[in-house]
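Step one of this worksheet: look at the structure below.
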Amino acid sequence: MPNVCFYFQVHQPYRLRDYGVFDVGRRHDYFDEKLDEAVLRKVAAKCYGPMNALVEELIARTHGRFRVAYSITGTALEQMERWAPDVFESFRRLARTGAVEFLAETYYHSLAFLGSRDEFDEQVELHGAKLEALLGVRPRVFRNTELIFSNALARRAHDLGFAGVLAEGADRVLGWRSPHFVYSAKGAPDLPVLLKSYRLSDDIAFRFGNRGWEGWPLTADKFASWLQRVNGCGEAINLFMDYETFGEHQWAETGIFEFMRALPDAVLAQRDMRFATPSEVIASCEPRGELDVPDFVSWADSERDLSAWLGNAMQNAALRALYALRGDVLASGDARALEDFRRLTTSDHFYYMCTKFFADGDVHKYFSPYESPYEAHIAFMNALSDLSQRVGSAGLRSAA
Amino acid sequence: MRILTLGWELPPRFAGGVGVVADALLRALAARGHALTYLMPHAFELAGPPGVRLLGPSGESSPERASRLVSYASERPPIRVPGEAVPPAGVPLYGHDLLHEVERFAASAVERVAAAGLAFDAIHAHDWTTFRAGLALRRATGKPLVAHVHITELDKSGGTHANPAVFALEREGIAGADCVVAVSRRIARTCSERYGADPARVRVVYNAVDEACDAIAPPLLPRPLVLFLGRVTLQKGPEYFLEAARRVLDVQPDAHFVMAGTGDLLPRMIELASELGIAQRVSFPGFVDRERAVALYSAADVFVMPSVSEPFGIVPLEAMERGVPVIVSRQSGVSELITNALKCDPWEVERMASLIASALRLPALAHALSENGRAEVARYRWPDAAQRIESIYAELARGAP
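Chains A and B, in that order, are what the protein sequence lines are. Okay, so the first sequence: first residue is 0 according to numbering that gives the first Met the number 0, each after it adds one. Okay, so the second sequence: first residue is 0 according to numbering that gives the first Met the number 0, each after it adds one.
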């Protein structure tokens, strides 16, 4: 009985303002709250609001047979509390339906696993505590930022007590195997790994509105029939995507909401198919094999590696300089500085410094508030410079 | 195809950018197999670009006539001319009689071309001084005319005190040409919005840069070094460069600034550096020839072009070609084209200073700009521009647009 497991990623960063060299030592407000508020309100109106309402409706209509999972970052939760409280409330309502699972991740959607294992542990704890306070439940299943995953990540998740972990079903990890089974990772045999079915996920998340795509137009019945094809040769179809797919990446005009509205009935009408949350998938599916992932995979770009965040010297210099500051930040006892430091750990800052497709003006550029990766790097390093002065650090001199 | 190109000058006897561009395009087009003739108002005593036939005043180029080369007076012309700097070799190419020369050129062009028995498919006129001649040739032969606009009188005068005679000649050429080639979108917009060009007939062909094949040892100059290279005149924003320098020195006291070039504002800039209290950190080498310019690029850590209004701006491409991180004005044509560069408005002095200081103190940033900049300009070669020009010629020959 194939399980259809939807997981939606909800995240908003705190974006850096155009923080220049002469701001260092003068002003300590690195983040452009006006911009963040404007973005959050816009996304809440176009996406979070309408989609939450739709999901609520579908859960009610199917009497809970439509079930989904979310991972919401700490920074997104904070922003919703401040600037879109009704959306915030709707997530709490969704939690109370019993048909929605919330996942764990780093509070600040950070690359801490790559920079500082201690910071990683703390951010995971902060996130779990926040969810518990807001929704009354501790998350059991973990996903790392941008599905960055490796054997080491699996081991850590296991040691932190999680019941399962999500990862990208990248070809180089699977080889000939199918993403439609549950696996475990080498070194963490007791931790089930749910792999994203990237072709089917991306059909919705990336290709849905593309009229040039051979699958266009994608109707609920058509998609349900594709899911049905997995029946008999798979047990879990993991459809993992950014929540902004609904209304932002795929505009309402594409019919994405109508598609989702019709999908549960279309799927449930198929033989044997059911919707499940990650925990339910883990409970009903035995791991069918072991994955060996010595090098990191992620769900980013076609490379599905770390190159979106750490592919160039600017990104690496920034990461090194950032985590080099951690000790002094903690030692300072300055809570505001710690908050600023943690906001700087958000992976988006590094994403904005990516030069991979810069010349072609690809997707990275569209979602960046900066004119170029260079400006992003400058703002980040200047902010670090100021932060380092605040905590009396000698460390930033070797920003190279 | 057979193309008749009209121009005023050629390197090394040239006064500014237009001659350089014309020469580069001629070479690139000749390499693509086109039969090119270059018609100038005066004789040219050198050989000119390979594969290009030169036509001087008597109908043929002839080294013996060099001694009768008309020197267009030695006073500073009252009319602004394309390329204002005086080359060090001395003889200026323009006189206060420039408008007169333009008329003479136009009057004699048809005859000279006929006398040479020249057949051609299209006429390509570089800059306003040749437009009238281009129109005359078009009328006489029925062949299509490309008006190549490198700069406009409105740009040079800041839009407020354009010389009416020059403006009229520009307008005549731009409106009467079958196709207007602009060196940037800003120039293209000026052509359609202020000169009456039909937007459908305007094409943008960006200037390009030659591959660097020089290996010059950097001169012994203090580092880190921030370079300005260009005419020291209002249009190029030199005072913004110095004001930004002062700001940079607040946070980077070991930085050194070079303002390489000459121009009407040079004395004032030297004064300004003293007024700002940064005279010891700024050098003014004056006019630099090609070799010295290349040496400066190899010594520079950052290159800045703070132009207030720049139709294109090849110099930043030359800097990028040599791996120098560049900061360019948004008021330039080249800023439309390049992506691996830092950009700002020239009057945003503090931002410019912040960008300069960042490029100096963040090695990963400088390295990325250097590498990516160099890779990027490899795509902006004269053969690419020539290809675009070629398809314009082909379009015109077919009777389009």
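Think of the CB as a built atom: it goes at the ideal place given N, C-alpha and C, for glycine as much as any other residue.
Check, Outcome
"Quick check on the burial criterion: 16 or more other C-beta atoms within 10 angstroms. Buried or exposed for Trp-127(B)?", "buried"
"Where do the N-terminal and C-terminal ends of the alpha helix (DSSP H) with Pro-221(B) fall, by residue?", "Taken as a continuous stretch (DSSP letters only), Pro-221(B) belongs to no alpha helix (DSSP H), as it is neither H nor E."
"Please classify Gly-32(B) as buried or exposed, where buried requires at least 16 other C-beta atoms within 10 Å of its C-beta.", "exposed"
"Is the Cβ of Met-240(A) closer than 8 Å to any Cβ of chain B?", "no"
"Is DSSP giving Leu-9(B) helix, strand or coil here?", "strand"
"Give every residue of the same chain whose Cβ lies closer than 8 Å to the Cβ of Asp-202(A), excluding the five residues on either side of it in the sequence, and list them in chain order.", "Gly-214, Leu-217, Phe-222 and Trp-225"
"Should Tyr-373(A) be flagged as near chain B, meaning a C-beta pair shorter than 8 Å?", "yes"
"Going along the chain, which residues of its own chain have a beta-carbon closer than 6 Å to the beta-carbon of Ala-176(B), five neighbours each way excluded?", "Leu-144 and Ala-146"
"What is the rounded straight-line gap between the Cα of Arg-202(B) and the Cα of Thr-129(B)?", "19 Å"
"List the residues of chain A that Arg-350(B) touches, going by C-beta distances under 7 Å, in chain order.", "Gly-19"
"Measuring only the C-alpha atoms, how far is Ala-393(B) from Cys-178(B)?", "12 Å"
"What residues of chain A sit near Asn-162(B), judged by a beta carbon separation below 7 Å?", "Per Cβ cutoff of 7 Å: no residues; Asn-162(B) is ~37 Å from chain A at best."
"Look up Pro-138(A) in the DSSP assignment and give the residues it is bridged to.", "Per DSSP, none; premise fails for Pro-138(A)."
"Ser-419(A) and Glu-100(A): beta carbons closer than 8 Å?", "Since the first residue of chain A shown is 0 and the last is 399, residue 419(A) is not available in this structure."
"Beta-carbon within less than 7 Å of Arg-176(A)'s beta-carbon, same chain only, minus the 5 sequence neighbours each way: which residues are those?", "Gly-288"
"Since Phe-43(B) sits in a beta bridge, which residues does DSSP pair it with?", "BP columns for Phe-43(B) are empty, so no partner."
"Please confirm if the region 271-282 of chain B is in contact with the region 200-216 of chain B, defined as three or more CB-CB distances below 8 Å between the two stretches.", "no"
"Mind listing the chain A neighbours of His-366(B)? Cutoff is C-beta to C-beta under 7 Å, in chain order.", "Ala-312"
"Do you know offhand how far Glu-88(A)'s Cα is from Ala-52(A)'s?", "11 Å"
"How would you write the range of the alpha helix (DSSP H) that Ser-297(B) sits in, first residue to last?", "289-298"
"In whole angstroms, what separates the C-alpha of Glu-171(B) from that of Ala-113(B)?", "24 Å"
"Strictly by DSSP, which residues pair up with Arg-255(B)?", "Sequence inspection shows His at residue 255(B); the Arg mentioned does not correspond to that position. Partner(s): Leu-224(B)."
"At a CB-CB cut-off below 7 Å, which residues of chain B make contact with Met-380(A)?", "Leu-361"
"Let's test the definition: count the other Cβ atoms within 10 Å of the Cβ of Trp-298(A) and tell me whether it reaches 16, buried, or not, exposed.", "buried"
"DSSP puts Leu-165(A) in a beta bridge; with which residues?", "Leu-193(A)"
"What residue range does the alpha helix (DSSP H) around Gly-326(A) cover?", "325-331"
"Using beta-carbon positions only, say whether Ile-122(B) and Leu-3(B) come within less than 8 Å of one another.", "yes"
"Of all Cβ atoms in chain B, is any one closer than 8 Å to the Cβ of His-27(A)?", "no"
"Please state the DSSP three-state secondary structure of Ser-61(B).", "Confidence at Ser-61(B) is low in this model, with a pLDDT of 44, below 50, so its placement is unreliable and no value can be given for it."
"In the DSSP output, what is His-125(B) paired with across the bridge?", "His-147(B)"
"Candidates Ala-282(A), Met-79(A) and Cys-353(A): which alpha carbon is nearest Ala-316(A)'s?", "Cys-353(A)"
"Grab the span of the alpha helix (DSSP H) containing Thr-189(B) for me, first residue to last.", "184-193"
"Buried or exposed: which applies to Glu-234(A), given that a residue is buried once 16 or more other Cβ atoms fall within 10 Å of its Cβ?", "buried"
"Can you pull out the residues from the region 331-351 of chain B whose beta carbon lies closer than 9 Å to at least one beta carbon of chain A?", "Thr-338, Asn-339, Ala-340, Leu-341, Lys-342, Glu-349 and Arg-350"
"Shorter than 8 Å from the beta carbon of Ala-356(B) to some beta carbon of chain A?", "yes"
"If contact is defined by three or more beta carbon pairs under 8 Å, each pair taking one atom from either stretch, is the region 5-23 of chain A in contact with the region 345-352 of chain A?", "yes"
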